[in-house]
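Participant: Per our numbering, residue 225 is the first one in the sequence shown, and the count goes up by one each step.
All residues carry an ideal CB built from backbone N, CA and C; glycine is no exception.
Bear in mind that the values here come from a model prediction, so they are computed numbers and not experimental data.
Quick one: the structure is below, questions incoming.
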Amino acid sequence: MHKNNVKFLIHLIVMVVIYLIISNIPPADPLTHQGMQVIGLIVAFVYGRIAIDAVVPSLIVLFLYATTGLNTVQGTFSAAGGHSAVMMVLALMMLGAVMNHTGLAEALAKRIVNTRLASGRPWVLTLCILLAAAIPSMFLTAIPVLIIVWGIAKEIFHLVGYEKGEKWPALIMSGITGAATLAVSAMPFSMGVATDFSIFANLYGEGTVIPSLPFIATSLILCALLLVFMLLIMRFIFRPNVEKLKAYQAQTNVEPFTRDQKRALVLLVVFVVIVLLPDMLPAASPLKPIMAQFGTMGGGFLIVLIALLIRNKDGSPFITIRDIGKGVMWDLLIMIWALMVVCGSLTNPELGASTFFANLLTPIVEKTGTFGSYAILQGVSLFGTNLMDNAVVGMTMASIISMAGTKLGISAVAVFCFIMHSAEYGVLLPSSSPLSAMTYQQTESKWITKKDIFVTGLFWMIAVYIIVAIIGFPLLQFLS
């Protein structure tokens, strides 16, 4: 048997053994036996997600869940597949596929980088490159954005005469990831935020929603602060030689938006309006209850429908469902199936889990105070993500804060909104996030080394921690 198959089987066995051991530990009051079983499933899933992948552990956990007596096999999978969070993420994936199909991300990135203000100004150019990664990542899928902006950056390296191994190119390659990784959590309808908050809302209580406008406003402040911190770190700590950049002249012949890109841009704007309009309309507006019915899920599917209805002059479709289907990430979707069912059961009072975790957090809050507890949670979230995996940490923090957040003395919704920024910020190791893994793949280009990624990643993490945990603490009141 091949060693990879042996390793795979060992990880599967370890995963099941972890579940069996934890589920058979005598429960401490107020936990029940079923509560221990669910906690065992969560710990086993975390191990499987890190050691294997997202799909196999998720399906195993769903089958094991049916053995706890909380549901049948058929009932478990029905609850998983039909959950509102699953449908919302599916809508966002399909919407993202419409945007990516047109090349909109590349068109936006090139326009940002090629602003005339960047000509002959090294640090303005540096900021423009970071913005080219951050702004499209707020609204579009970040993975293609990174690939595009890295490509643009490499063209600039060659154009001004940089050689592989020099400091500024390495900082830019890492900085692109650093800027985009915080930007992906800036919008309430982004994939990571939608997934994490769905888990939180599922546990915290029916009707829990993100305060969209305050969330966007505070997120933009955090992103702007990170860009400032990154520029200061690059310029005054790493201090690269930027003399060659003074000869850089921005391109003046940037291609205009294509017809399909214009369509995608209009559809994106309409989607954002649909999501945000209910929060912007006055309470007495007759349009408010109508628009409130859509939400992120309804808005996403409506835009997908409109995209499928659009026809070109020759009668051909603007986009087909097969094109859209290519953007559905089944591994993520199946993982969300499992998370919604297993984590959602933690709120069942008969399991005793919510009371147990609340009791654990109480002495911490009493000793450290509200700010101290918040800072600790942000640190655990940020460093946990970078040492393990952003999806796992997002799920874990959603469970903890939803069940014990009332002990913090401030809004649990506000706290989790800011925790999502740190839980999604994985830049240190290949396992930290998909974007981090892609950055490590860029070492093959020789423009950046693994050491560069690790060292700069530590600085980006410190900057994010200062921003979300210290500077961001007073902003929590706007989300309460």
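Please classify H307: is it buried, with 16 or more other beta-carbons within 10 angstroms of its beta-carbon, or exposed?
Facilitator: It is buried - the Cβ of H307 has at least 16 other Cβ atoms within 10 Å.
Participant: Checking 7 Å against the spacing of the C-beta atoms, do F424 and I434 come in under that value?
Facilitator: Not a contact, by the Cβ cut-off of 7 Å.
Participant: Taking the alpha helix (DSSP H) that F678 belongs to, which residues open and close that run?
Facilitator: 674-689 is the extent of the alpha helix (DSSP H) around F678.
Participant: Give me, in chain order, the residues of the same chain whose beta-carbon lies closer than 6 Å to that of V270; leave out the 5 immediate sequence neighbours on both sides.
Facilitator: Here the set comprises V616.
Participant: Give the straight-line distance between the Cα atoms of M644 and V417, rounded to the nearest whole angstrom.
Facilitator: Taking the straight line from one Cα to the other gives about 7 Å.
Participant: Let me know the beta strand (DSSP E) ranges lying completely inside the segment 559-628, each 3 residues or longer, listed in chain order.
Facilitator: With a minimum length of 3 residues, no continuous beta strand (DSSP E) run stays inside the segment 559-628.
Participant: Hey, S578 and L570 are a contact pair by Cβ (cut 8 Å); roughly how many whole angstroms apart?
Facilitator: With a Cβ gap of about 6 Å, S578 and L570 count as contacting.
Participant: Excluding the 5 residues preceding and the 5 following A407 in the sequence, name in chain order all residues of the same chain whose CB lies nearer than 8 Å to its CB.
Facilitator: Same-chain partners within the cutoff: A357, A358, I359, S361, M362, A366, C447.
Participant: Given this structure, state the Cα-to-Cα distance separating E390 from V337, to the nearest angstrom.
Facilitator: Their Cα atoms are separated by approximately 21 Å.
Participant: Measure the C-alpha to C-alpha separation of A582 and V589 and round it to an integer number of angstroms.
Facilitator: Between A582 and V589, the C-alpha separation is close to 10 Å.
Participant: Tell me, please, whether the segment 665-677 touches the segment 620-632 by the rule of three or more beta-carbon pairs shorter than 8 Å.
Facilitator: Not touching, per the Cβ criterion.
Participant: Taking only the alpha-carbon atoms, compute the straight-line gap between A394 and L341 and give it to the nearest angstrom.
Facilitator: Going by the C-alpha atoms only, they are around 23 Å apart.
Participant: For R463, which three-state DSSP category applies?
Facilitator: Coil.
Participant: Report yes or no: do the segment 593-613 and the segment 691-698 share at least 3 C-beta pairs separated by less than 8 Å?
Facilitator: As far as the Cβ criterion goes, the segment 593-613 touches the segment 691-698, which means the pair count is three or higher.
Participant: Taking its Cβ as the centre, do 16 or more other Cβ atoms sit within 10 Å of S540, making it buried, or is it exposed?
Facilitator: Per the 10 Å Cβ criterion, exposed.
Participant: Distance, Cα to Cα, G519 vs M323?
Facilitator: Looking at the two C-alpha atoms, the distance is approximately 19 Å.
Participant: May I have the straight-line CA-CA distance separating P513 from L501, to the nearest angstrom?
Facilitator: Their Cα atoms are separated by approximately 11 Å.
Participant: What are the residues that DSSP puts in a beta bridge with R535?
Facilitator: Beta-bridge pairing links R535 to P541.
Participant: Which class does L255 belong to by DSSP, given the choice of helix, strand or coil?
Facilitator: It is coil, neither helix nor strand.
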